[in-house]
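S.K.: Counting along the sequence shown from 1, when you hit position 91 you're at 103 in our numbering, and nothing is skipped either side.
Even glycine gets a Cβ: it sits at the ideal position worked out from N, Cα and C.
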Amino acid sequence: NLLLLFFTSTSVKPQNVAVGILILVSFLVGVSVNSFFLWVLGVKMARTVNTLWFIHLTLIHLILCSLLPLFAAYVIIDFNWIFGVFMCKLVSYFFSVGMFTTIFLLTIISSDRYLFTCHSVWSQQHRTLSWACRLIAGVWVVSLALSVPSLFFWNIMDGTQKCEFNISFFENWDSTHVGITFYFIHFLVAFLLPFIVILICYCCIVREMKKKGFLRSRKTLKVLISAVASFFICWLPYHLYHVSLLIKDVRKETVNAIWYVMAAGICFNICFTPIIYLFVGEKFQQIFKMSIVALIRKGLSEHSKVEQTPWYGSHPYRQGWNNPALTV
Numbered sequence: 013n014l015l016l017l018f019f020t021s022t023s024v025k026p027q028n029v030a031v032g033i034l035i036l037v038s039f040l041v042g043v044s045v046n047s048f049f050l051w052v053l054g055v056k057m058a059r060t061v062n063t064l065w066f067i068h069l070t071l072i073h074l075i076l077c078s079l080l081p082l083f084a085a086y087v088i089i090d091f092n093w094i095f096g097v098f099m100c101k102l103v104s105y106f107f108s109v110g111m112f113t114t115i116f117l118l119t120i121i122s123s124d125r126y127l128f129t130c131h132s133v134w135s136q137q138h139r140t141l142s143w144a145c146r147l148i149a150g151v152w153v154v155s156l157a158l159s160v161p162s163l164f165f166w167n168i169m170d171g172t173q174k175c176e177f178n179i180s181f182f183e184n185w186d187s188t189h190v191g192i193t194f195y196f197i198h199f200l201v202a203f204l205l206p207f208i209v210i211l212i213c214y215c216c217i218v219r220e221m222k223k224k225g226f227l228r229s230r231k232t233l234k235v236l237i238s239a240v241a242s243f244f245i246c247w248l249p250y251h252l253y254h255v256s257l258l259i260k261d262v263r264k265e266t267v268n269a270i271w272y273v274m275a276a277g278i279c280f281n282i283c284f285t286p287i288i289y290l291f292v293g294e295k296f297q298q299i300f301k302m303s304i305v306a307l308i309r310k311g312l313s314e315h316s317k318v319e320q321t322p323w324y325g326s327h328p329y330r331q332g333w334n335n336p337a338l339t340v
């Protein structure tokens with residue numbers, strides 16, 4: 013076994029083991045949470061625009077979760093990639109697709125909540141399932157296209173076992189300037205512009221809800237702030253890490269420390285972002301709790317007459333959610 017052979021010949025650092033365990037725990041939690049959420053959204057709830065957003069958001073988080081064991085092994089054996097060039101490119105590509113899709117979907121969800129709250133007439137006329145499907149298809153196409161550079165530039169560095177973004181892969185390119193340009197565009201498209209849009213949307217939502225008297229408690233405001241803060245905290249370290257790679261004077265220990273923070277942020281994003289966004293809606297909370305009860309009942313009594321008729325068939329919450337701004 014190549015992995016066992018590498019463990020016997022490589023010193024394992026305690027901090028790397030700790031981070032690796034965190035990533036593996038995130039993998040287990042993320043797969044469990046997102047799988048259950050996907051089941052609730054896809055089976056227990058009516059197919060609406062809101063559920064469609066979160067079905068795809070949860071699905072892409074499951075894809076990202078499937079990559080975590082490889083990253084855990086990469087960290088534990090001191091950032092040495094033992095899975096080959098092909099897997100280096102493939103994993104980097106799928107991670108990039110997951111990142112872009114997640115960020116674009118969160119931006120669309122925020123924009124949709126803004127339109128639903130501040131421009132309700134337009135929203136009622138144009139906010140349809142076909143409209144949402146076209147937007148989601150566009151998100152996937154754009155994310156797949158923007159991630160293509162990962163297939164070219166991610167590679168195993170010569171003389172090392174590092175899976176890194178290598179601009180110098182092509183001859184006659186000024187790797188420093190190309191790298192700066194690439195990461196600036198990447199930062200702009202994948203972080204700064206979406207963050208500004210999300211921030212503006214939620215500021216407008218808070219103002220509109222205050223005007224209409226919907227913002228009667230601090231709970232709603234805290235949830236909206238949490239949504240913005242989680243996006244900022246989870247993805248800023250990712251971009252700081254790539255900036256640190258371009259600065260030649262940065263110490264390796266500093267780069268690794270930023271990587272640890274980035275890993276923690278991404279793990280939090282994969283595991284808990286759906287919880288933050290989905291549990292905004294009180295009706296999702298009720299359906300979620302009732303789904304757990306239904307699972308327990310099914311496990312305890314397989315022949316119950318209740319199980320022969322699904323509880324959710326005529327449930328009022330199957331008709332959709334109506335809370336403006338907080339609809340999920």
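Could you tell me if T129 is buried or exposed, where buried requires 16 or more neighbouring beta carbons within 10 angstroms of its beta carbon?
M.R.: Mapped onto the sequence shown, residue 129 falls at position 117. By the neighbour-count rule (16 or more Cβ atoms within 10 Å), T129 is buried.
S.K.: Quick one: does I168 have its CB under 9 Å from some CB of chain D?
M.R.: In the structure shown, chain D cannot be found, because there is only a single protein chain.
S.K.: Whole-angstrom Cβ separation of L74 and V43, contact assumed at under 8 Å?
M.R.: For the purposes of this step, residue 74 is taken as residue 62 along the sequence shown, with counting starting at 1. For the purposes of this step, residue 43 is taken as residue 31 along the sequence shown, with counting starting at 1. About 7 Å; that satisfies the 8 Å criterion.
S.K.: Beta-carbon within less than 8 Å of A275's beta-carbon, same chain only, minus the 5 sequence neighbours each way: which residues are those?
M.R.: Locating residue 275 in the sequence shown gives position 263, where the first residue counts as 1. Closer than 8 Å at the Cβ level, and outside the excluded window around A275, lie V31, L34, I35, F83 and V87.
S.K.: Are L258 and I192 close, meaning C-beta to C-beta below 9 Å?
M.R.: Within the sequence shown, residue 258 is the residue found at index 246, counting from 1. Within the sequence shown, residue 192 is the residue found at index 180, counting from 1. Closer than 9 Å, so yes.
S.K.: If I measure Cβ to Cβ from T114 and keep anything under 6 Å in the same chain, skipping five residues before and after, which residues do I get?
M.R.: As a position in the sequence shown, residue 114 is number 102, starting the count at 1. Around T114: I72.
S.K.: I need the straight-line Cα distance from V29 to I288, nearest angstrom please.
M.R.: The sequence position of residue 29 within the sequence shown is 17, counting from 1. The sequence position of residue 288 within the sequence shown is 276, counting from 1. Those two C-alpha atoms are separated by around 29 Å.
S.K.: Pull up the CB-CB distance for C175 and C100, whole angstroms please, since I reckon it's below 8 Å.
M.R.: Counted from its first residue, the sequence shown places residue 175 at position 163. Counted from its first residue, the sequence shown places residue 100 at position 88. Correct: roughly 4 Å between the Cβ atoms.
S.K.: Considering only residues of the same chain and omitting the five flanking positions on each side of W93, which have a CB-CB separation below 7 Å?
M.R.: The sequence position of residue 93 within the sequence shown is 81, counting from 1. Excluding positions up to five away in sequence, the list reads Y86, C100, I168, Q173, K174 and C175.
S.K.: Can you grab the Cα-Cα spacing for the pair Y105 / I217, in whole Å?
M.R.: For the purposes of this step, residue 105 is taken as the residue at position 93 of the sequence shown. For the purposes of this step, residue 217 is taken as the residue at position 205 of the sequence shown. Distance between the alpha carbons of Y105 and I217: 35 Å.
S.K.: How many Å lie between K224 and V133 at the Cα?
M.R.: Taking the sequence shown and counting its residues from 1, one reaches residue 224 at position 212. Taking the sequence shown and counting its residues from 1, one reaches residue 133 at position 121. Their backbone Cα atoms lie some 15 Å apart in a straight line.
S.K.: What residues in its chain sit with their C-beta under 8 Å from that of F116, if we drop five residues either side in the sequence?
M.R.: Sequence index remark: in the sequence shown, residue 116 carries index 104 (1-based). Answer for F116: V151, V154, S155 and P206, listed in chain order.
S.K.: Using only alpha-carbon positions, find the residue among I245, L141 and A202 that is nearest to A58.
M.R.: Counting from 1 along the sequence shown, the entry for residue 58 is found at position 46. A58 has its Cα closest to that of L141, out of I245, L141 and A202.
S.K.: Is it true that the CB of L50 sits closer than 9 Å to the CB of I67?
M.R.: Here residue 67 is taken as the residue at index 55 of the sequence shown, counted from 1. Here residue 50 is taken as the residue at index 38 of the sequence shown, counted from 1. Yes, Cβ-Cβ distance for I67 and L50 is below 9 Å.
S.K.: In whole angstroms, what separates the C-alpha of R263 from that of A239?
M.R.: To locate residue 263, count along the sequence shown from 1; it is residue 251. To locate residue 239, count along the sequence shown from 1; it is residue 227. Answer to the nearest angstrom: the Cα atoms are 33 Å apart.
S.K.: Once you ignore the five residues that flank L76 on each side, which residues in its own chain have a CB closer than 6 Å to its CB?
M.R.: Reading the sequence shown from its first residue, position 64 is the one you call residue 76. Contacts found: G110 and I282.
S.K.: Please work out which residues of its chain come closer than 6 Å, Cβ to Cβ, to V414, disregarding the five sequence neighbours upstream and downstream, and give them in chain order.
M.R.: Shown here, the chain extends from 13 to 340; a query on residue 414 therefore has no answer.
S.K.: Would L247 and F203 qualify as a contact pair, given that the criterion is a beta-carbon distance under 9 Å?
M.R.: Reading the sequence shown from its first residue, position 235 is the one you call residue 247. Reading the sequence shown from its first residue, position 191 is the one you call residue 203. Per the sequence shown, residue 247 should be read as Trp rather than Leu. The answer is yes: Cβ separation under 9 Å.
S.K.: Indicate the three-state DSSP secondary structure (helix, strand or coil) for F177 in the structure shown.
M.R.: As a working note, residue 177 is residue 165 in the sequence shown. Strand.
S.K.: What's the gap between the Cα of V97 and the Cα of P81?
M.R.: Looking up residue 97 in the sequence shown gives position 85. Looking up residue 81 in the sequence shown gives position 69. If I take the Cα positions, the gap works out to 17 Å.
S.K.: Between which two residues does the beta strand (DSSP E) containing I168 stretch?
M.R.: The residue you call residue 168 lines up with position 156 of the sequence shown. Segment W166 to I168, the beta strand (DSSP E) holding I168.
S.K.: Excluding sequence positions up to five away, which residues of its chain have a Cβ less than 8 Å from the Cβ of K260?
M.R.: Against the sequence shown, residue 260 aligns to sequence position 248. Here the set comprises nothing.
S.K.: Using the rule of at least 16 other Cβ atoms within 10 Å of the residue's Cβ for burial, across every protein chain shown, is I208 buried or exposed?
M.R.: By one-based count along the sequence shown, residue 208 stands at place 196. So I208 counts as exposed.
S.K.: Helix, strand or coil: which one does DSSP assign to T260?
M.R.: The residue given as residue 260 occupies position 248 in the sequence shown. In the sequence as displayed, the identity of residue 260 is Lys instead of Thr. Three-state result, K260: coil.
S.K.: Could you check which residue in G277, K222, E265 and L252 has the C-alpha nearest to that of I245?
M.R.: Within the sequence shown, numbered from 1, the residue matching residue 245 stands at position 233. Among G277, K222, E265 and L252, the Cα nearest to that of I245 is on G277.
S.K.: With C-beta atoms as the reference, is Y214 less than 9 Å away from I237?
M.R.: Within the sequence shown, numbered from 1, the residue matching residue 214 stands at position 202. Within the sequence shown, numbered from 1, the residue matching residue 237 stands at position 225. The answer is yes: Cβ separation under 9 Å.
S.K.: At the level of alpha carbons, what is the spacing between L158 and F194?
M.R.: Start at 1 with the first residue of the sequence shown, and residue 158 comes out as number 146. Start at 1 with the first residue of the sequence shown, and residue 194 comes out as number 182. Each residue's alpha carbon lies about 11 Å from the other.
S.K.: Please state whether DSSP places H315 in a helix, a strand or coil.
M.R.: The residue labelled residue 315 in the question sits at position 303 within the sequence shown. With a pLDDT of 36 at H315, under the threshold of 50, the predicted position of this residue should be treated as unreliable, though the coordinate-derived value follows. If DSSP states are grouped into helix, strand and coil, H315 belongs with coil.
S.K.: For T119, which option in V273, V201, S256 and A269 has the closest C-alpha, if you only look at C-alpha atoms?
M.R.: As a first step, residue 119 is located in the sequence shown; it is residue number 107 there, counting from the start. Checked all of V273, V201, S256 and A269; the closest Cα to T119 is V201.
S.K.: Check for me: the alpha helix (DSSP H) holding R139 runs from which residue to which?
M.R.: Looking up residue 139 in the sequence shown gives position 127. No alpha helix (DSSP H) holds R139; DSSP gives it neither H nor E.
S.K.: Just how far apart, CA to CA, sit W271 and Q137?
M.R.: To locate residue 271, count along the sequence shown from 1; it is residue 259. To locate residue 137, count along the sequence shown from 1; it is residue 125. In a straight line, the C-alpha of W271 is about 46 Å away from that of Q137.
S.K.: Taking all protein chains shown into account, do 16 or more other C-beta atoms lie within 10 angstroms of the C-beta of R146, making it buried, or fewer, making it exposed?
M.R.: The sequence position of residue 146 within the sequence shown is 134, counting from 1. It counts as exposed.
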